[in-house]
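In what follows, a structure is listed as structure tokens, so that the remarks can point back to it.
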């Protein structure tokens with residue numbers, strides 16, 4: 284036990300291929316079905332079940348329908364507040380984005396380790412969050428250039444900029460615009476990874492403290508355990524907040540594309 | 529850090545499955561189911577707005593009805609009061625004329641009766657005078673043995689009676 288007590292806080296992020304490792308390929312690229320893919324599937328199915336439960340379409344909604352309508356209404360309000368009436372058409376995309384990230388974050392926190400299974404938080408991988416971020420950014424670019432053609436570049440010159448300052452401001456704004464997909468994807472990945480690492484490190488303290496025998500060890504264990512409980516609550520909050528931030532920033536970027544300034 | 533250590537082997541699989549599952553969520557849930565959920569909410573909101581409007585209209589109608597009823601009832605009350613006043617006036621007039629008629633009748637009767645009484649009295653007085661004069665004449669004749677002229681007796685009696 285003393286050997287196994289050495290907890291590697293990064294091990295939880297390891298991607299393990301489940302099947303299709305060798306033969307599943309598209310144009311030479313490996314597309315093995317991994318534990319990461321499995322949890323994407325679980326999140327998708329959970330979301331499908333959740334939304335399907337709210338599809339009774341009753342005039343007087345039950346609890347489940349109320350919950351689903353609460354989420355759609357939340358996204359609808361978010362887009363109406365940030366983009367205006369033109370935001371209505373982005374509801375399916377932002378809803379999918381928000382709910383997928385939310386379910387992924389929350390499912391990654393389910394303490395399945397107690398029954399021997401290993402939950403995997405695919406939002407703690409920038410290869411996964413990057414896809415979502417690039418997708419959001421691509422939509423912003425497509426909508427922006429589709430609606431405003433080359434006039435979209437005026438986004439980089441705020442109103443009232445003195446003429447002399449325009450080249451410099453343009454360069455700064457352009458860089459800050461191009462950084463958006465990275466900040467969007469990395470923010471979610473870092474937030475999720477940091478929380479999971481912290482929990483893992485603290486659980487390592489708990490185990491090592493107990494193994495250290497009588498003395499200061501158990502005290503450290505108890506303190507770490509109390510801290511873990513608090514951080515678990517915090518992580519639940521972060522799971523929601525990060526999903527919200529992702530959806531909110533995407534809608535703000537879409538607002539730039541829809542309405543320029 | 530497995531995210532970076534495994535990057536070379538796993539990035540294509542991660543991106544592929546991410547696109548697959550996000551695509552599934554977007555097209556099946558986002559495009560397929562969310563609009564229906566929102567349509568339900570929309571329909572409910574419209575139903576509520578419609579019901580509220582209907583209730584408001586009904587309230588306005590009820591108010592108008594009440595107002596009309598009040599006006600009507602005021603009018604009818606005024607009419608009734610006019611009818612009552614008219615009837616009262618007519619009744620007063622009728623009773624006045626009947627009273628006047630009755631009064632006149634009574635007065636006529638009274639006058640007639642008084643006339644009769646006066647006549648009877650004067651008749652009676654005359655009779656008395658006559659009887660008294662005769663009696664006086666007789667008395668004088670018997671007492672004094674004088675024969676008194678009827679005319680003189682009459683005048684004396686009249687004097688005595690009217691004194």
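Chains as they are written, first to last, in this note's numbering: chain A, 284 to 544; chain B, 529 to 691.
Using N, Cα and C, we set each Cβ at its ideal position, and we do this for glycine too.
Is DSSP giving residue i helix, strand or coil here?
{"i": "residue 317 of chain A", "result": "strand"}
{"i": "residue 405 of chain A", "result": "helix"}
{"i": "residue 512 of chain A", "result": "helix"}
{"i": "residue 382 of chain A", "result": "helix"}
{"i": "residue 534 of chain B", "result": "coil"}
{"i": "residue 323 of chain A", "result": "helix"}
{"i": "residue 285 of chain A", "result": "Model confidence at residue 285 of chain A stands at a pLDDT of 43, short of 50, so the residue's coordinates are unreliable; what they give is reported in the following sentence. In this structure, residue 285 of chain A counts as coil in the three-state DSSP scheme."}
{"i": "residue 501 of chain A", "result": "helix"}
{"i": "residue 394 of chain A", "result": "coil"}
{"i": "residue 524 of chain A", "result": "helix"}
{"i": "residue 300 of chain A", "result": "strand"}
{"i": "residue 309 of chain A", "result": "strand"}
{"i": "residue 442 of chain A", "result": "coil"}
{"i": "residue 450 of chain A", "result": "helix"}
{"i": "residue 517 of chain A", "result": "helix"}
{"i": "residue 375 of chain A", "result": "helix"}
{"i": "residue 340 of chain A", "result": "coil"}
Nearest to residue i by alpha carbon, out of the options?
{"i": "residue 507 of chain A", "options": "A/526, A/487, A/519 and A/517", "result": "A/487"}
{"i": "residue 537 of chain A", "options": "A/362, A/470, A/399 and A/527", "result": "A/362"}
{"i": "residue 661 of chain B", "options": "B/680, B/560, B/579 and B/559", "result": "B/680"}
{"i": "residue 326 of chain A", "options": "B/682, B/619 and B/557", "result": "B/557"}
{"i": "residue 321 of chain A", "options": "A/400, A/350, A/528 and A/294", "result": "A/400"}
{"i": "residue 300 of chain A", "options": "B/550, B/537, B/624 and B/546", "result": "B/537"}
{"i": "residue 460 of chain A", "options": "A/475, A/478, A/476 and A/441", "result": "A/441"}
{"i": "residue 498 of chain B", "options": "A/505, A/374 and A/342", "result": "Past the edges of chain B, shown from 529 to 691, lies residue 498 of chain B, and the structure says nothing about it."}
{"i": "residue 492 of chain A", "options": "A/498, A/481, A/504 and A/310", "result": "A/504"}
{"i": "residue 307 of chain A", "options": "B/541, B/554 and B/555", "result": "B/541"}
{"i": "residue 437 of chain A", "options": "A/382, A/425, A/453 and A/470", "result": "A/453"}
{"i": "residue 547 of chain B", "options": "A/527, A/477, A/417 and A/295", "result": "A/417"}
{"i": "residue 345 of chain A", "options": "B/587, B/565, B/625 and B/529", "result": "B/565"}
Taking 8 Å as the CB-CB cut-off, is residue i touching chain A?
{"i": "residue 564 of chain B", "result": "yes"}
{"i": "residue 547 of chain B", "result": "yes"}
{"i": "residue 559 of chain B", "result": "yes"}
{"i": "residue 534 of chain B", "result": "yes"}
{"i": "residue 556 of chain B", "result": "yes"}
{"i": "residue 595 of chain B", "result": "no"}
Please list, in chain order, the chain B residues whose beta carbon lies closer than 8 Å to that of residue i.
{"i": "residue 533 of chain A", "result": "Residues of chain B passing the Cβ test: none, with the nearest at roughly 13 Å."}
{"i": "residue 293 of chain A", "result": "529 and 530"}
{"i": "residue 414 of chain A", "result": "542, 543, 546, 547 and 550"}
For chain B, find out if any of its Cβ atoms is closer than 8 Å to the Cβ of residue i; answer yes or no.
{"i": "residue 301 of chain A", "result": "no"}
{"i": "residue 323 of chain A", "result": "yes"}
{"i": "residue 374 of chain A", "result": "yes"}
{"i": "residue 401 of chain A", "result": "no"}
{"i": "residue 478 of chain A", "result": "no"}
{"i": "residue 352 of chain A", "result": "yes"}
{"i": "residue 425 of chain A", "result": "no"}
{"i": "residue 378 of chain A", "result": "yes"}
{"i": "residue 287 of chain A", "result": "Note that residue 287 of chain A scores a pLDDT of 48, beneath 50, so its modelled location is shaky; the value from the coordinates is reported in the next line. Chain B, which has no Cβ nearer than 8 Å to the Cβ of residue 287 of chain A, makes this no."}
{"i": "residue 356 of chain A", "result": "yes"}
{"i": "residue 404 of chain A", "result": "no"}
{"i": "residue 337 of chain A", "result": "yes"}
{"i": "residue 309 of chain A", "result": "yes"}
{"i": "residue 408 of chain A", "result": "yes"}
{"i": "residue 421 of chain A", "result": "no"}
{"i": "residue 277 of chain A", "result": "For residue 277 of chain A there is no data in the structure shown, the boundaries of chain A being 284 and 544."}
{"i": "residue 330 of chain A", "result": "yes"}
{"i": "residue 536 of chain A", "result": "no"}
{"i": "residue 317 of chain A", "result": "yes"}
Could you list which residues in chain A have their beta carbon closer than 7 Å to that of residue i, in chain order?
{"i": "residue 607 of chain B", "result": "Neighbours of residue 607 of chain B on chain A: none; closest Cβ ~51 Å, over 7 Å."}
{"i": "residue 599 of chain B", "result": "The contacting residues do not exist; residue 599 of chain B stays about 41 Å from chain A at best."}
Cβ closer than 9 Å: which chain B residues qualify as neighbours of residue i?
{"i": "residue 340 of chain A", "result": "564, 565, 567, 568 and 571"}
{"i": "residue 483 of chain A", "result": "What residue 483 of chain A touches in chain B: nothing, since even the nearest Cβ is about 13 Å away."}
{"i": "residue 523 of chain A", "result": "Per Cβ cutoff of 9 Å: no residues; residue 523 of chain A is ~18 Å from chain B at best."}
{"i": "residue 320 of chain A", "result": "541, 542, 544, 545, 546, 548 and 549"}
{"i": "residue 526 of chain A", "result": "By Cβ distance, chain B contributes nothing, its closest Cβ being about 13 Å from residue 526 of chain A, past 9 Å."}
{"i": "residue 411 of chain A", "result": "542, 543, 545 and 546"}
Could you list which residues in chain A have their beta carbon closer than 8 Å to that of residue i, in chain order?
{"i": "residue 574 of chain B", "result": "Simply none; closest approach about 11 Å."}
Using a cut-off of 7 Å between C-beta atoms, extract the partners of residue i located in chain B.
{"i": "residue 312 of chain A", "result": "540"}
{"i": "residue 298 of chain A", "result": "530, 534 and 538"}
{"i": "residue 539 of chain A", "result": "Under the 7 Å cutoff, chain B gives no residues; its nearest Cβ is about 22 Å from residue 539 of chain A."}
{"i": "residue 383 of chain A", "result": "550 and 553"}
{"i": "residue 327 of chain A", "result": "549, 552 and 553"}
Is residue i near the ligand FMN, going by C-beta to nearest heavy atom under 7 Å?
{"i": "residue 481 of chain A", "result": "Ligands are entirely absent from the displayed structure, and the ligand FMN is therefore not among its contents."}
Do the stretch 351–369 of chain A and the stretch 403–422 of chain A touch if we need at least three Cβ pairs shorter than 8 Å? no
Hey, is the stretch 513–530 of chain A in contact with the stretch 386–397 of chain A, meaning 3+ C-beta pairs nearer than 8 Å? yes
For the 8 Å Cβ check, are there 3 or more pairs between the stretch 328–347 of chain A and the stretch 313–320 of chain A? no
Does the structure place the stretch 591–605 of chain B close enough to the stretch 366–380 of chain A that three or more beta carbon pairs sit under 8 Å? no
Give a yes or no on contact between the stretch 681–690 of chain B and the stretch 651–658 of chain B, applying the rule of three or more CB pairs nearer than 8 Å. yes
Across the stretch 460–476 of chain A and the stretch 526–534 of chain A, are there enough close Cβ pairs to call them in contact, namely three or more that are closer than 8 Å? yes
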